[in-house]
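Order-wise, the sequence lines are chains A and B.
Those letters in the first sequence? Residues 2 to 393, by this note's numbering.
Those letters in the second sequence? Residues 2 to 393, by this note's numbering.
Don't be surprised by glycine CBs; every beta carbon is placed ideally from N, CA and C.
Owing to the predicted nature of the structure, the values given are computational and were not obtained by experimental measurement.
Below is one structure, written out as structure tokens, with a few remarks after it.
Number of protein chains: 2
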Amino acid sequence: MNNFNFYSPTEFVFGKGREDETGRYVKKYGGTKVLIHYGGGSVVRSGLLDRVKRSLTENGVAFAELGGVQPNPRDTLVYKGIDLCRSEGVDFILAVGGGSTIDSSKAIAIGVPYDGDFWDFYSGKHATEALPVATVLTIAAAGSEGSGNSVITKEEGMLKRGTGSDVLRPRFSIMNPELTQTLPSYQTACGATDIMAHVFERYFTNTTEVEITDRLCEAVLLTMVKETPRVIADPDNYDARANIMWAGTVAHTNIVGVGRDQDWNSHGIEHELSALYDCAHGAGLAVIMPAWMEFVYKHNVMRFCQMATRVFGCQMNFESPETTALEGIRRFRSFLHGIGMPINFRELGAKEEDIPALVEKFGLGDGRTYGFVRLSSDDIAEIYRIAARAEL
Amino acid sequence: MNNFNFYSPTEFVFGKGREDETGRYVKKYGGTKVLIHYGGGSVVRSGLLDRVKRSLTENGVAFAELGGVQPNPRDTLVYKGIDLCRSEGVDFILAVGGGSTIDSSKAIAIGVPYDGDFWDFYSGKHATEALPVATVLTIAAAGSEGSGNSVITKEEGMLKRGTGSDVLRPRFSIMNPELTQTLPSYQTACGATDIMAHVFERYFTNTTEVEITDRLCEAVLLTMVKETPRVIADPDNYDARANIMWAGTVAHTNIVGVGRDQDWNSHGIEHELSALYDCAHGAGLAVIMPAWMEFVYKHNVMRFCQMATRVFGCQMNFESPETTALEGIRRFRSFLHGIGMPINFRELGAKEEDIPALVEKFGLGDGRTYGFVRLSSDDIAEIYRIAARAEL
Chain A
2 MNNFNFYSPT EFVFGKGRED ETGRYVKKYG GTKVLIHYGG GSVVRSGLLD
52 RVKRSLTENG VAFAELGGVQ PNPRDTLVYK GIDLCRSEGV DFILAVGGGS
102 TIDSSKAIAI GVPYDGDFWD FYSGKHATEA LPVATVLTIA AAGSEGSGNS
152 VITKEEGMLK RGTGSDVLRP RFSIMNPELT QTLPSYQTAC GATDIMAHVF
202 ERYFTNTTEV EITDRLCEAV LLTMVKETPR VIADPDNYDA RANIMWAGTV
252 AHTNIVGVGR DQDWNSHGIE HELSALYDCA HGAGLAVIMP AWMEFVYKHN
302 VMRFCQMATR VFGCQMNFES PETTALEGIR RFRSFLHGIG MPINFRELGA
352 KEEDIPALVE KFGLGDGRTY GFVRLSSDDI AEIYRIAARA EL
Chain B
2 MNNFNFYSPT EFVFGKGRED ETGRYVKKYG GTKVLIHYGG GSVVRSGLLD
52 RVKRSLTENG VAFAELGGVQ PNPRDTLVYK GIDLCRSEGV DFILAVGGGS
102 TIDSSKAIAI GVPYDGDFWD FYSGKHATEA LPVATVLTIA AAGSEGSGNS
152 VITKEEGMLK RGTGSDVLRP RFSIMNPELT QTLPSYQTAC GATDIMAHVF
202 ERYFTNTTEV EITDRLCEAV LLTMVKETPR VIADPDNYDA RANIMWAGTV
252 AHTNIVGVGR DQDWNSHGIE HELSALYDCA HGAGLAVIMP AWMEFVYKHN
302 VMRFCQMATR VFGCQMNFES PETTALEGIR RFRSFLHGIG MPINFRELGA
352 KEEDIPALVE KFGLGDGRTY GFVRLSSDDI AEIYRIAARA EL
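This is the structure we're talking about:
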């Protein structure tokens, strides 16, 4: 096991009706003038925004608001948010929405106290100061409600880049699974795929002797394998929604990933897809992740056998471990297909002829990635090709 | 799933040699004058205390010190610590040791800013203020390094009582598994038993539809089942020690227990044993927990079958689920015996004729406990009797 620090100071406020406590928690964590940041019309239509505002007003907390966050959130709106916070004297950012809204909120939070361009932090600079951020979560997916990470897309050139710092960890996150019940199945499934991918990026490691985090990873994956099809079949199933929502947070505070090298190449390879086609991140992952597995599994067949037997209920084939490993990957892809995810380029709306452009954009040049298996540009092209042509 | 809050703001600083960073972290969390609180001679003999002091001095942090914490830590030393902190102007408590030292430190931290008797907080009063506490952990067991809980024994009458508050959660905890390598096997096994008990107290619940926390509980238990015998056989196995140490923290921050009713009756029933005989808490739990299971399993046979199959590798007997449930409990007791734990009163050094006194001390009167199964005084007496006479 590697040395590590684990720090997850967010207060999670979980369950039915908890959004009515938003104002109380903003006050508890010192906010006096809040920017409510959100995306499209659903939080307005559902009445959630009004409930949040009422809770703020009841607690004497003033607010400004900025909607319009898109999936794959853009730098352009971040600049607008920073200006608004400065002119309105905002001292606390409240994200009401999903991963995109939270990521956009974190970018605003980092930009307000900074003299330069906030994009510096998405180009390698480390943040040590930010306005406090909190969230009212409306989709189980990104894990951004408990993480110190944020991913933003620069509109010019559709460049998708991330940043991470403990100062970006939300002070509190309100998580009411009921709020996710109105989500279309496709978005629910995209979220579930993202959650599983967050675990797999940590699960496939070259660090040995990490039983506790292996088992915690498998705990989240087993939960997702059980609960996701239930929610797709019955969108109003509160308990299944609740299990998925908490699993999504556990998957990404890093409690399942400490003490081990991690991979994250599938996320990187996917980011180019969602940047180019503006597709959902989870859908891109559904296409990329099994393809990545098929490309790398020979690096450690036994680890894929572990996944196959412990997560996907395969019987170990002791005469042919490779068969077991491949069966596990097959079951994963079949699971994704079963919850309505695309499994190849055609279903995603991507084009095989774009692969050279995707690889170019990945920007590896003659280098190699880091992670479970170090990948060259040629390797990445091959993973895109496997993804393009995959079938059940 | 029940509504819940989850809040675990402690920064965990984990791995080889990390105690040399103690001073830096005390400074980071605002300490200027520290009380170093510790137990017996082992932290002195091992040189750990000197390394911690050196780190403090290098970082310009002043300190006072108070040793002498006993297992089942006493109120008498707490009073002494409170006086010392006040006279020395201490603003930060650093526990160097295990659960007893940490619990004693928390009691001091709660008492210093309070005008009345600190014991008020162990008699039902809720703490809202305390000096900051941090830990350098030397045994994987109590989980106190990540929890807001503390248990103290009042010397007069050997009354063992607990308190809990978020203000008692350590600011940081330094966790170097190497520091546990010199522990005698018996103490290592006691710690492992305590860790497993912390999970079981949460695992046995009447709340349905809690797959994610069920699976997280099982992740910790499976880790303990694998790693504990390795450490008993090979005390210098760093990786096994590391897995157990992190499992011990995960077991007790409550991340495996949120959203569900919990039990904790075994802990209560055990506390009277360690209070009366001054035995190790983990050893008492090894005797009580399987006995409690045998007494309550009929309340939910399927839950015990889940434990038996998922944690102890039993094959489900579909014709006779009870057989499976009992086989799981048998394997748990056999596991405890295998790591050197006592499994009955004789091996623990307790006496069956003391049962009436133990029940009396539990203080239930005509009432019943809360939890998985509500227990009367007669039920508790019966659990003690099962524990007294248990054999493999």
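Check	Outcome
When G42/B, Y26/B and G350/B are compared against L95/B, the one with the closest alpha-carbon	Y26/B
Under 9 Å from the C-beta of P10/A: neighbouring residues of chain B	Y8, S9, P10, T11 and E12
Expected contact under 8 Å - CB spacing of A292/A and C306/A to nearest Å	Not confirmed; about 19 Å, so no contact.
Per DSSP, cross-strand counterpart(s) of R75/B	T154/B
8 Å CB neighbourhood of E383/B in its chain, flanking five on each side removed	F296
Whole-angstrom distance between T250/B and S124/B, CA atom to CA atom	26 Å
E328/B, buried or exposed, once every other Cβ within 10 Å from all chains shown has been counted against 16	buried
G249/B CB to nearest heavy atom of the ligand ADP below 6 Å	As for the ligand ADP, it is missing from this structure, which has no ligand bound.
Of the listed residues V113/A, T208/A, N177/A and K161/A, nearest to L169/A (C-alpha basis)	V113/A
E12/B, DSSP secondary structure in three states	strand
Proximity below 7 Å, CB of D21/A to CB of S43/A	no
Assumed close pair T11/A, V137/A - CB separation to whole angstroms, cut-off 8 Å	So it is not a contact: roughly 13 Å between Cβ atoms.
Cutoff 7 Å: N4/A Cβ touching any chain B Cβ	yes
Length of the line joining the Cα atoms of S275/B and N4/B	34 Å
Cutoff 7 Å: L394/A Cβ touching any chain B Cβ	Within the shown structure, residues of chain A are numbered from 2 to 393, placing residue 394/A beyond reach of any answer.
In DSSP terms, what M176/A is bridged to	F15/A and L138/A
Given 8 Å, three or more beta-carbon pairs between the region 275-288 of chain A and the region 208-220 of chain A	no
Chain-ordered chain B contacts of V251/A [CB-CB under 9 Å]	I213, L217 and I256
Pick from H338/B, L180/B, S151/B and R203/B that is closest to G372/B, judged by C-alpha positions	R203/B
Closer than 9 Å at the beta carbon, the chain A residues around D240/B	M2, T209, E210, V211 and E212
Listed by chain order, chain A residues near K227/B by CB distance under 8 Å	E212
Ranges of the alpha helix (DSSP H) found wholly within the region 270-304 of chain A, counting only runs of at least 4	282-297
Under 7 Å between C-beta atoms of I111/B and A143/B	no
N- and C-terminal bounds of the beta strand (DSSP E) containing I94/B	F93 to G98
Within chain A, the residues that A243/B reaches when beta carbons sit closer than 9 Å	M2, E210, V211, I213 and G260
T33/B classed as buried or exposed, judged by whether at least 16 other C-beta atoms fall within 10 angstroms	exposed
Close beta carbons around L365/B, own chain, < 6 Å, minus the five adjacent residues each side	S378
Sheet register partners of F64/A (DSSP bridge)	V35/A
Neighbour list for G19/A in chain B, Cβ cutoff strictly below 8 Å	With the sequence shown as reference, residue 19/A is identified as Arg, and Gly is not the correct amino acid for it. Within chain B, the residues near R19/A are N4.
Contacts of G16/B in chain A (Cβ-Cβ under 8 Å)	M2, N3, N4, F5 and G260
Span of the beta strand (DSSP E) around G368/A	Careful: G368/A lies outside any beta strand (DSSP E) and carries neither H nor E.
The region 186-193 of chain A / the region 146-153 of chain A touching (three or more Cβ pairs under 8 Å)	no
F13/B and S166/B closer than 7 Å at C-beta	no
The alpha helix (DSSP H) enclosing G147/B, as first and last residue numbers	Note, G147/B: premise wrong, no alpha helix (DSSP H); not H, not E.
Inter-residue spacing [alpha-carbon to alpha-carbon] between S321/B and N301/B	14 Å
Minimum Cβ-Cβ distance from A248/A to chain B less than 7 Å	yes
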